[in-house]
Structures are given as structure tokens and as C-alpha cells.
Amino acid sequence: MEELLETLPGPMKLDSSIVVIGILFLVLLVILNKLIYQPLTAVLEERKRRIDEGDHARRSSMKTVEDSLATYQSRLVEARKSAQLKRAKILKESEMVREEMLSSAREQAFALVQAAVTEIDSQVNQAKESLKAESESISKQIVASLLARVNA
2 MEELLETLPG
12 PMKLDSSIVV
22 IGILFLVLLV
32 ILNKLIYQPL
42 TAVLEERKRR
52 IDEGDHARRS
62 SMKTVEDSLA
72 TYQSRLVEAR
82 KSAQLKRAKI
92 LKESEMVREE
102 MLSSAREQAF
112 ALVQAAVTEI
122 DSQVNQAKES
132 LKAESESISK
142 QIVASLLARV
152 NA
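Structure representation (C-alpha cells):
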């Protein structure tokens with residue numbers, strides 16, 4: 002095997018420089034691990050933690066928003082139902098008031114018509130009596146006039 006190693010070209014020959022390079026590599030690995038890899042890993046882990054916290058906060062906020070929206074929707078439905086009931090009640094009350102007013106107006110109109118009919122009947126009767134009296138007076142005058150002509 003040593004013969005094989007001896008036949009290798011210059012840079013590939015195994016000698017003490019390989020051990021030094023290995024030690025330098027390990028020292029550099031330890032230094033870089035302490036100075037770059039561990040801080041970089043810590044920063045990445047902190048970033049991941051913040052992202053996870055942000056995602057958790059987002060989910061929590063979405064849940065709160067959904068709950069608030071559901072509460073708002075249920076309140077809106079209740080308010081609409083309440084408004085419809087109040088509207089129906091007001092319409093019913095106004096219809097009752099309208100019917101009462103119409104009934105009162107009908108009664109007043111009927112009373113006015115009855116009063117007018119009574120007054121007209123009274124006036125007709127007075128006119129009949131007046132005409133009857135006038136006709137009797139005229140007939141007496143005619144009779145007197147005829148008798149005066151007959152006697153004359």
C-alpha cells in the first residue's frame with residue numbers, strides 16, 4: 002500500500018501536512034460553529050418562533066373575529082325580528098285606530114244624514130201645511146169671486 006501511496010502525484014501524497022490540514026479544519030469548524038453556525042441557528046430559531054407566535058396570534062384573531070361576526074349576525078337577526086314584530090304591532094294598532102276613526106266618521110255621517118232627513122221631512126210637512134193653507138185661501142177667494150160674479 003505504501004508503494005501505491007508513493008506513486009501518487011505530489012498534492013495527493015499523504016504526509017504530515019494532511020494532519021495539519023485536518024487539525025486546522027477541525028479548529029476552523031469549532032470556531033465557525035461558535036461564531037457563525039450557532040448564532041445563525043439561534044436567529045433562525047427565533048425567527049421560526051416569531052412566525053409561529055404570529056401564526057398563533059393570527060389564528061386567535063381570526064377566531065375572535067369569527068366569534069364577533071357570529072354574535073353580530075345573531076344580534077342582527079334578532080334586531081330584524083324585533084323590528085318586524087314592532088312594525089306589525091304598529092300596523093295593527095294603526096289599522097285599529099283607522100277602523101275606529103272610520104266607524105266614528107260613519108256614525109257621525111249617519112247622524113248628520115238622519116238630522117238632515119228629519120229637517121227635510123219637517124220642512125216638507127211645513128211646506129205641505131203652508132200650501133194646504135194657501136190652497137184653501139185661494140179656493141175661498143175663488144169661491145168668493147165666483148159667488149160675487151154670480152150675485153152681481
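Letter by letter, the sequence shown follows residues 2 to 153 of the working numbering.
Beta carbons: idealized from backbone N, C-alpha and C, even for Gly.
Please read these numbers as outputs of a predicted model, since none were measured by experiment.
For this session: Using the Cα positions of ALA89 and THR72, report the straight-line distance between them to the nearest angstrom.
Result: In the sequence shown, counting from the first residue as 1, residue 89 sits at position 88. In the sequence shown, counting from the first residue as 1, residue 72 sits at position 71. Between ALA89 and THR72, the C-alpha separation is close to 26 Å.
Problem set entry | ARG51 to PRO40 span [Cα, whole Å] | If you number the sequence shown from 1, residue 51 lands on position 50. If you number the sequence shown from 1, residue 40 lands on position 39. In a straight line, the C-alpha of ARG51 is about 16 Å away from that of PRO40.
Problem set entry | Contacts around GLU100, its chain only, beta-carbon distance under 7 Å, and the 5 residues preceding and following it disregarded | Translated into the one-based positions of the sequence shown, residue 100 becomes position 99. There are no such residues.
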